[in-house]
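>
Residue numbers (our numbering), protein chains in the order written: chain X, 1 to 116; chain H, 1 to 116.
#1: Which residues in chain H sit within 9 Å of residue 63 of chain X, going by Cβ to Cβ distance?
#2: How is residue 48 of chain H classed by DSSP in three states: helix, strand or coil?
#3: Where does the unbroken alpha helix (DSSP H) through residue 67 of chain X begin, and where does it stop?
#4: Residue 54 of chain X by DSSP, collapsed to three states: which one?
#5: Could you spell out where the alpha helix (DSSP H) holding residue 19 of chain H opens and where it closes?
#6: My assumption, with CB atoms under 8 Å, is that residue 35 of chain H sits in contact with residue 68 of chain H. Please give the rounded CB distance.
#7: Compute the Euclidean distance between the alpha carbons of residue 24 of chain X and residue 80 of chain H, then round it to the nearest angstrom.
#8: With DSSP as the reference, label residue 80 of chain H as helix, strand or coil.
#9: Starting from residue 11 of chain X, trace the alpha helix (DSSP H) both ways and give me its first and last residue.
#10: At the 7 Å Cβ level, is residue 23 of chain H part of the contact set with chain X, yes or no?
#11: Hey, is the segment 37 to 47 of chain X in contact with the segment 10 to 28 of chain X, meaning 3+ C-beta pairs nearer than 8 Å?
#12: Using a Cβ-Cβ cut-off of less than 9 Å, give me the residues of the segment 30 to 48 of chain X that come near chain B, in sequence order.
#13: Counting contacts by CB-CB distance shorter than 7 Å, is residue 96 of chain H in contact with chain X?
#14: Say whether the segment 75 to 92 of chain H touches the segment 71 to 89 of chain X, bearing in mind that this needs 3 or more beta-carbon pairs closer than 8 Å, one atom from each stretch.
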């Protein structure tokens with residue numbers, strides 16, 4: 001049951017009564033039906049429930065957020081999902097490190113000019 | 001059916017005959033049973049099959065790899081999964097950019113010393 005009564009997004013989607021100890025209600029509020037629809041599409045409701053139940057209560061909000069994030073990116077990019085983001089970030093790190101190495105080389109060049 | 005005959009990892013896991021047009025067989029070889037076990041645990045076999053079937057055949061191997069990657073990281077880190085990696089990479093980019101800005105400032109300092 002949602003704080004303030006009513007059904008959560010998961011129970012609305014699944015067309016069922018929202019029980020007082022609903023595993024979804026704290027993490028899938030009724031005002032964001034897409035958040036639940038996406039994790040349902042990618043993982044299935046019972047897998048999401050299982051993954052949340054296996055965690056201590058204080059870690060479930062973070063887990064629901066990261067599952068929602070991964071599901072959103074899998075819906076947007078069905079081939080690479082989050083792994084596409086990871087590839088792009090690796091590329092960005094490589095670019096930053098290349099630029100750093102170049103700038104350091106220029107800096108050492110100047111230092112050597114002054115020392116000579 | 002696996003190239004060379006026999007059942008793929010998915011059909012072995014699901015204790016079923018591996019059909020000649022098995023959606024899993026090319027991407028879940030029998031010699032890596034954990035690869036299928038992980039995606040089954042996180043997404044469920046029918047969701048994995050659906051996600052692969054919805055893609056053109058030439059993109060399925062990449063999709064199976066990215067699903068396996070995400071599943072492995074969700075098993076290893078049930079709270080953050082791949083999102084934990086993304087956070088760490090963002091941190092690494094921030095560190096590289098901070099170091100680059102410092103080095104550039106030093107470089108410009110030397111250039112100004114020479115010009116003055």
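Where a beta carbon is used, it is the ideal one built from N, C-alpha and C, also for glycine.
According to the structure shown:
#1: Along the first chain, read from residue 1 onward, the residue named residue 63 of chain X stands at position 63. The contacting residues are 78, 79, 80, 81.
#2: By 1-based counting over the second chain, the position of residue 48 of chain H is 48. Residue 48 of chain H falls in the helix class under three-state DSSP.
#3: As a working mapping, residue 67 of chain X is identified with position 67 in the first chain. 60 to 76 is the span of the alpha helix (DSSP H), which, as asked, contains residue 67 of chain X.
#4: Within the first chain, the letter at position 54 stands for residue 54 of chain X. Note: residue 54 of chain X maps to coil in three-state DSSP.
#5: Along the second chain, read from residue 1 onward, the residue named residue 19 of chain H stands at position 19. Premise fails: residue 19 of chain H is in no alpha helix (DSSP H) and is neither H nor E.
#6: The residue labelled residue 35 of chain H in the question sits at position 35 within the second chain. The residue labelled residue 68 of chain H in the question sits at position 68 within the second chain. Sure, about 5 Å apart at Cβ, within 8 Å.
#7: Against the first chain, residue 24 of chain X aligns to sequence position 24. Against the second chain, residue 80 of chain H aligns to sequence position 80. Going from the Cα of residue 24 of chain X to the Cα of residue 80 of chain H covers about 17 Å.
#8: Your numbering for residue 80 of chain H matches position 80 in the second chain. Three-state result, residue 80 of chain H: coil.
#9: Start at 1 with the first residue of the first chain, and residue 11 of chain X comes out as number 11. First-last of the alpha helix (DSSP H) with residue 11 of chain X: 9 to 13.
#10: Here residue 23 of chain H corresponds to residue number 23 of the second chain, with the count starting at 1. Not closer than 7 Å to any Cβ of chain X, the Cβ of residue 23 of chain H fails to qualify, so no.
#11: yes
#12: The structure shown contains no chain B; its protein chains are X and H.
#13: For the purposes of this step, residue 96 of chain H is identified with residue 96 of the second chain, where counting begins at 1. Yes, because at least one Cβ of chain X sits closer than 7 Å to the Cβ of residue 96 of chain H.
#14: yes
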